[in-house]
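Each remark here refers to the structure printed beneath this line.
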Amino acid sequence: MNEGERQPTSARDALWSDPLRFPFTRWVPRCWVYLLGSALLGPLLLAVLAVLLVLGLGLWVVGVGLPVLLGLALVGIPTAAVTRWRLRLVEPLPLPDPHRSLPGAGRRARIRTRLRERATWRELAHAALASTVLGAAALGFTALLVCSGLYVLSPLVVWALAPETVMLIPGHAAPGPLEALPFSAAGLAGLLLCAYAGGLLTSAEVALARFLLGPREDDLGRQVLELTRSRARLADAFEAERRRIERDLHDGAQQQLVALSMTLGLAEYELRDQEGRAVDLVTRARGEARQALEQLRELVRGIHPQVLTDHGLAAAVAEVALRHPIPVAADIVLPERLPAPVETTAYFTVTEALTNAAKHSGATAITVHGRVERGRLVVRVTDDGRGGADPAAGAGLAGLADRVALLKGRLMVTSPTGGPTTLRLEVPC
């Protein structure tokens, strides 16, 4: 084979790419070892399945056969794992495990999950085939391989047992090594047949294993759906925790600071006619309490502004625009209130874009445009700054992109050198 030709990467590839050369390749002994393993695994697996089935049905009568039948249903999982490991002998490309990982899950949760997965039942079907059809074919191949090997060695066997006559097949005896040469030739022909038969059987087993034991699109779809649901549950849990923190800050810390400020005000009033540092210290403490209260209110507003909850996205963005150091023209027209996750994601995306523009862009004007187009909220934030923004460098935008992806939306940033910079948000409503 020339250096430029592609080397076979599997037994099936070697068989069909060059059939005449295949019996003399390294794939033949690999196929034989693989099929010998199938011949050993098949009867053992058949015995295990039969025992579990009979025992489960027998104990079902007395009401305790369910655990045994569950074991029967799950026996395909370890069998499939062994098969995937054995496939690496003839198929270097590994076969992925279709089951999703369950780190930290208990035994009952694992069993329930595995029983719900379609891959578990496909693996059980493969185990049934491996113990019957595939096992029988592998046993027949093993018998042919052993007989062919013995016939190839028949002259040595006759020579070792001389002067006795050796009966190689019924009705045909070989009194000497020379008379056994035709049997040796038949053995070589049998080995040649075993080379092709082994390649074909192995290719069939590999194809069946990839069909039944590999991952499918519906398995991946279920995993993606479950991942999306788990992320949605995490987002809901985060939102509930956010509301709790906001409520605690509003009803607890803010009220205590207000009470402290009032107490200091009363103390300042009582000390108004006295002289000394006490009055100055109380006045200073009252000012610091008032400043701490304002900072706490800003913190609460940053967690989730009350105007967003009460009046919606347009009013919340308008309020941010009024307090922004750069003139912001907000043009957000919505037909109705949007779902709370959509409003929250859009609001924090806009505020992050405005913060980045104030810090890095050198812009003199910013526009925020928002509309609902074909069932999707589309928001564009454009500034006339210097441009050249790198979205990957902003951890804030990266986190917002993950949050937008959770809602199946898109976040795009266009920022050529020299500007303008445009951030476009699209979120399904």
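Using my numbering, read the sequence shown as starting at -18 and increasing by one per residue. Every residue, glycine too, gets a C-beta built ideally from N, C-alpha and C. Here the structure is a predicted model, which is why all the values come from computation and not from measurement.
*asked:* To the nearest angstrom, how far is the alpha carbon of Thr363 from that of Ala295?
replied: As a position in the sequence shown, residue 363 is number 382, starting the count at 1. As a position in the sequence shown, residue 295 is number 314, starting the count at 1. So the alpha carbons of these two residues sit roughly 17 Å apart.
*Exposed or buried, what is Arg258 when buried is set at 16 or more other beta-carbons lying within 10 Å of its beta-carbon?*
Along the sequence shown, read from residue 1 onward, the residue named residue 258 stands at position 277. By the neighbour-count rule (16 or more Cβ atoms within 10 Å), Arg258 is not buried but exposed.
_Whether or not the region 45 to 65 and the region -7 to 10 are in contact is what I'm after, with contact meaning three or more pairs of Cβ atoms, one per stretch, closer than 8 Å; do they touch?_
no
_Cβ-based burial, Arg384 [other Cβ within 10 Å; buried from 16]_ = On the sequence shown, position 403 is the one that residue 384 refers to. Buried, since its Cβ has 16 or more Cβ neighbours within 10 Å.
_Arg65 vs Gly18 beta-carbon contact at 8 Å_ = Taking the sequence shown and counting its residues from 1, one reaches residue 65 at position 84. Taking the sequence shown and counting its residues from 1, one reaches residue 18 at position 37. No, the pair does not count as a contact, with Cβ atoms beyond the cut-off.
*Closest by CA to Pro411, which one among Gly366, Ala346, Gly293 and Ala90?*
Any question about residue 411 goes unanswered here, given that the chain covers just -18 to 410.
_Top-ranked residue by Cα proximity to Leu105, from Arg405, Ala(-8) and Ala190_ = Mapped onto the sequence shown, residue 105 falls at position 124. Nearest C-alpha to Leu105: Ala190.
*Could you check where the beta strand (DSSP E) with Glu407 kicks off and where it finishes?*
As a working note, residue 407 is residue 426 in the sequence shown. Per DSSP, Glu407 belongs to the beta strand (DSSP E) from Thr402 to Pro409.
*What's the C-alpha gap between Gly152 and Leu55?*
Stepping through the sequence shown from its first residue, residue 152 is reached at position 171. Stepping through the sequence shown from its first residue, residue 55 is reached at position 74. Low confidence applies here, because Gly152 scores a pLDDT of 46, under 50, leaving its location unreliable and the question unanswered by this model.
*Beta-carbon spacing of Glu249, Val263 below 8 Å*: In the sequence shown, the residue the question calls residue 249 occupies position 268. In the sequence shown, the residue the question calls residue 263 occupies position 282. It is a contact, given that the beta carbons lie within the stated cut-off.
*Exposure label - Thr(-10); buried when at least 16 CB within 10 Å*: The residue you call residue -10 lines up with position 9 of the sequence shown. So Thr(-10) ends up on the exposed side.
*Go to Leu348, then tell me how far its beta strand (DSSP E) extends in each direction, as first and last residue.*
Here residue 348 refers to the residue found at position 367 of the sequence shown. It is Thr, not Leu, that sits at residue 348 in the sequence shown. Unbroken beta strand (DSSP E) run through Thr348: Ile347 to Glu354.
*Might you give, ordered along the chain, the residues of its own chain that have their beta carbon closer than 7 Å to the beta carbon of Val29, omitting 5 neighbours on each side?*
Working through the sequence shown from its first residue, we reach residue 29 at position 48. Within the same chain, Val29 has close Cβ partners Val56.
_Backbone CA spacing between Leu193 and Leu110 [nearest angstrom]_ = As a position in the sequence shown, residue 193 is number 212, starting the count at 1. As a position in the sequence shown, residue 110 is number 129, starting the count at 1. Approximately 11 Å between the Cα atoms of the pair.
_Arg318, enclosing beta strand (DSSP E) - first and last residue_ = Within the sequence shown, the letter at position 337 stands for residue 318. No beta strand (DSSP E) contains Arg318, which DSSP labels as neither H nor E.
*Taking C-beta to C-beta, are Ala386 and Thr183 nearer than 8 Å?*
Position 405 of the sequence shown, counted from the start, is the residue given in the question as residue 386. Position 202 of the sequence shown, counted from the start, is the residue given in the question as residue 183. Against a cut-off of 8 Å, the Cβ pair of Thr183 and Ala386 comes out as no contact.
*asked:* Taking 8 Å as the threshold (C-beta atoms), are Val408 and Ala327 in contact?
replied: In the sequence shown, residue 327 corresponds to position 346, counting from 1. In the sequence shown, residue 408 corresponds to position 427, counting from 1. The answer is yes: Cβ separation under 8 Å.
*Check each candidate in Ser112, Arg81 and Leu134 and name the one with the smallest Cα separation from Glu98.*
Walking along the sequence shown from the start, residue 98 turns up at place 117. When only C-alpha atoms are compared, the closest one is Arg81.
_Quick check on DSSP: helix, strand or coil for Arg7?_
Counting from one through the sequence shown, the residue named residue 7 turns up at place 26. Coil.
*asked:* Measuring only the C-alpha atoms, how far is Pro24 from Gly37?
replied: For this step, residue 24 is matched to residue 43 along the sequence shown. For this step, residue 37 is matched to residue 56 along the sequence shown. For Pro24 and Gly37, the distance between alpha carbons rounds to 20 Å.
*Residues that Leu310 bridges to, as DSSP identifies them*: Counted from its first residue, the sequence shown places residue 310 at position 329. The sequence as given places Ala at residue 310; Leu does not occur at that position. Thr348.
_Judging by CA-CA distance, which residue of Gln236, Thr325 and Gly179 is the nearest neighbour of Val288?_
Against the sequence shown, residue 288 aligns to sequence position 307. Minimum Cα distance to Val288 is reached at Thr325.
*Counting pairs of Cβ atoms below 8 Å between the region 4 to 22 and the region 108 to 123, do you hit three or more?*
yes
*Report yes if the CB atom of Ala346 is closer than 8 Å to the CB atom of Ile307, and no otherwise.*
If you number the sequence shown from 1, residue 346 lands on position 365. If you number the sequence shown from 1, residue 307 lands on position 326. Yes, these two residues count as a Cβ contact at 8 Å.
*Could you tell me which residues DSSP pairs with Thr264 in its beta bridges?*
Within the sequence shown, the letter at position 283 stands for residue 264. According to DSSP, Thr264 bridges with nothing at all.
*Find out if the Cβ-Cβ distance for the pair Val360, Leu315 is shorter than 8 Å.*
As a position in the sequence shown, residue 360 is number 379, starting the count at 1. As a position in the sequence shown, residue 315 is number 334, starting the count at 1. Not in contact: Val360 and Leu315 (Cβ atoms no closer than 8 Å).
*If you count every other CB in all the chains shown that lies within 10 Å of the CB of Ala124, and 16 or more means buried, which is it?*
Counting from 1 along the sequence shown, the entry for residue 124 is found at position 143. By the neighbour-count rule (16 or more Cβ atoms within 10 Å), Ala124 is not buried but exposed.
*asked:* So, under 8 Å CB-CB, Gly180 and Leu(-4) are touching, yes? Tell me the CB distance rounded to an integer number of Å.
replied: Counting from one through the sequence shown, the residue named residue 180 turns up at place 199. Counting from one through the sequence shown, the residue named residue -4 turns up at place 15. Going by Cβ atoms, the distance from Gly180 to Leu(-4) rounds to 4 Å, so yes, they are a contact pair.
*Would Arg267 pass as a contact of Gly246 if the rule is Cβ separation under 8 Å?*
What you label residue 267 is simply residue 286 of the sequence shown in a count that begins at 1. What you label residue 246 is simply residue 265 of the sequence shown in a count that begins at 1. Yes; because the gap between Cβ atoms is below 8 Å, this pair is in contact.
*Just grab the DSSP bridge partners of Asp364 for me.*
Along the sequence shown, read from residue 1 onward, the residue named residue 364 stands at position 383. Answer is Ile347 and Thr402.
*Look at the Cβ atom of Thr402, then the Cβ atom of Gly366, and state whether they are nearer than 8 Å.*
On the sequence shown, position 421 is the one that residue 402 refers to. On the sequence shown, position 385 is the one that residue 366 refers to. Yes, they are a contact pair.
*Rounded separation between Thr290 and Glu317 - CA only*: To locate residue 290, count along the sequence shown from 1; it is residue 309. To locate residue 317, count along the sequence shown from 1; it is residue 336. Using only the alpha carbons, I get a separation of about 14 Å.
_Selection from Leu137, Leu74, Leu34 and Arg93 that minimises the alpha carbon distance to Leu83_ = Stepping through the sequence shown from its first residue, residue 83 is reached at position 102. For the residues Leu137, Leu74, Leu34 and Arg93, the minimum Cα distance to Leu83 belongs to Arg93.
_Closest by C-alpha distance to Ala270, when choosing among Gly121, Thr244, Gly130 and Ala188_ = Here the question's residue 270 lines up with position 289 in the sequence shown. Selected option, being the one with the closest Cα: Thr244.
*Could you tell me which of Val301, Leu252, Glu354 and Gly343 sits nearest to Val331, measuring between CA atoms?*
Along the sequence shown, one-based indexing puts residue 331 at 350. Ranking Val301, Leu252, Glu354 and Gly343 by Cα distance to Val331 puts Val301 first.
*What's the call for Ala344, buried or exposed, on a 16-neighbour Cβ count within 10 Å?*
Position 363 of the sequence shown, counting from 1, holds the residue named residue 344. Under this definition Ala344 is a buried residue.
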